[in-house]
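Numbers 430 to 717, taken from our numbering, label the letters of the sequence shown in order. Okay, structure first, notes after.
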Amino acid sequence: MDNYNKNSEEDAPLSPEEIKAIGEIQIGPAKHEVFLNKHYKKLIVGGLALVVAASAAICYATYVQQRDEDAGAAMVSAMKLTSPGSAASPDMYDAAQLATVVGDYAPTPSAPTAELMEGLSLLTAEGDKQQTGIARLEHVAANAANTLISARARAALAAHYMRSGDNDKAAAEWNNIVNLPQNPYTALAYLCLGDLAKQGGDIEGARTFYKQISTACPASPLARQGAAELRLMLLEVDAPKQEVPAPKQETPATNPFANPFGPSPMAPASTGGDFSFPSTSTLPGSGN
């Protein structure tokens, strides 16, 4: 009975008052439509800005790539390679062209390498140019982010100072290489530090440096070739002293008339034992 009454109430038609109330309800637009209508201009501007930013990023990336390629090409040109794959030595480099690469392409990865090559080239010169080369290498060694480039610059400086007899500066540069992260010049630095220590009379210091070749750089060519063992073996051996030849005694000029049988008892002392012809006044038939 209750269910019947309930269903009858639900199925009953709406009264005129209820229909009028429903008609007065305002059905507005969806919320996303309201948002779009209110902010569509901002959305359009933002979209255009994103397109412009993406285009600018692509253009800049293309420019950077082209700039880096141009810098690399200019650096290779300055090396003055005679043929593809041929080796180049610092005395062949065009230092002026390398300086241009450093100035025109400073932000590129080629700039530190070009400055290193310029310094190596000028180091082979003399006078002011050599001093400029030293300054270039010192700048590269102190500022290059690439460990290999920094180590190469310091190795060149150290070798130059050793040739010049400035062992203190040479040792300082080799020590700087040792303090860098391990690089292809680390083993050479230990070897040269050992040589300098031995030259200065510090045998124990030299032994320590030589051992570091095998201990710190076991994969280096110097370690594989047994350079450390050879240096340690020769450590106690003094360098051979150069023999100075005795001064050569001058032999007096031979007198063709000298007496080969020794001084004549009849010869005067002033003749030094040389045979002299008698005076014509004492010869037979001289009339005396």
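Backbone N, C-alpha and C define an ideal beta-carbon position, used for all residues, glycine too. Fair warning: this is a prediction, and the values are worked out from it, not measured in the lab.
Around the CB of Ser484, fewer than 16 other CB atoms lie within 10 Å, so the residue is classed as exposed. Each residue's CA atom was taken as its position, placing Asp624 and Val530 some 38 Å apart.
The Cβ-Cβ distance between Ile606 and Arg583 falls below 8 Å. When DSSP states are grouped into helix, strand and coil, Cys488 belongs to the helix group. Of all alpha-carbon atoms in Met591, Leu552, Lys470, Arg496, the one lying nearest the alpha-carbon of Ser518 is that of Leu552. The beta-carbon distance between Gln526 and Ala507, rounded to whole angstroms, is 4 Å. This is short enough to meet the 8 Å contact definition. Counting C-beta pairs with one atom in each stretch, the stretch 625 to 639 and the stretch 653 to 669 have three or more that are closer than 8 Å, which means they touch. Nearest to Asn596 by C-alpha distance, out of Gln628, Ala616, Ala574, Val569, is Gln628.
Counting the other CB atoms within 10 Å of its CB gives Leu663 a total below 16, which places it among the exposed residues. Runs of the alpha helix (DSSP H) spanning 4 or more residues and lying entirely within the stretch 573 to 647 occur at 576 to 593, 596 to 608, 615 to 628, 632 to 645, in chain order.
With a threshold of 16 other beta carbon atoms within 10 Å, Thr542 meets it and is buried. Secondary structure note for Leu661: its alpha helix (DSSP H) is the uninterrupted segment 656 to 662. DSSP places Met546 in the uninterrupted alpha helix (DSSP H) bounded by 539 to 552. For a cut-off of 8 Å, the C-beta gap from Ser579 to Ala585 is around 11 Å, too long to register as a contact. Excluding the 5 residues flanking it on each side, Tyr619 has same chain C-beta neighbours closer than 6 Å at Phe638, Gln641, Ile642, in chain order. DSSP places Ala525 inside the alpha helix (DSSP H), whose first and last residues are 524 to 533.
In the three-state reduction of the DSSP assignment, Lys470 falls in the helix class, which pools H, G and I. In its chain, beyond the 5 residues on either side, Leu664 have a beta carbon closer than 7 Å to the beta carbon of Ile632. The C-beta separation of Ala600 from Leu622 comes to about 6 Å, placing the pair in contact by the 8 Å criterion. Between Tyr614 and Arg653 the beta-carbon gap is near 16 Å, outside 8 Å, which marks them as no contact. By the neighbour-count criterion, in which a residue is buried when 16 or more other Cβ atoms sit within 10 angstroms of its Cβ, Arg565 is buried.
Selection Pro610, Asn612, Met504, Leu477 evaluated against Ala540 yields Met504 as nearest (Cα-Cα). Collapsing the DSSP output to three states places Glu665 in coil. DSSP, reduced to helix, strand and coil, places Met504 within a helical segment of the structure shown. By the criterion of a C-beta distance shorter than 6 Å, Glu602 is surrounded in its chain by Arg583, Leu586, Ala587, once the five residues flanking it on both sides are discounted. A direct Cα-Cα distance of roughly 14 Å separates Thr644 from Ala635.
For Pro650, the enclosing alpha helix (DSSP H) begins and ends at 650 to 653.
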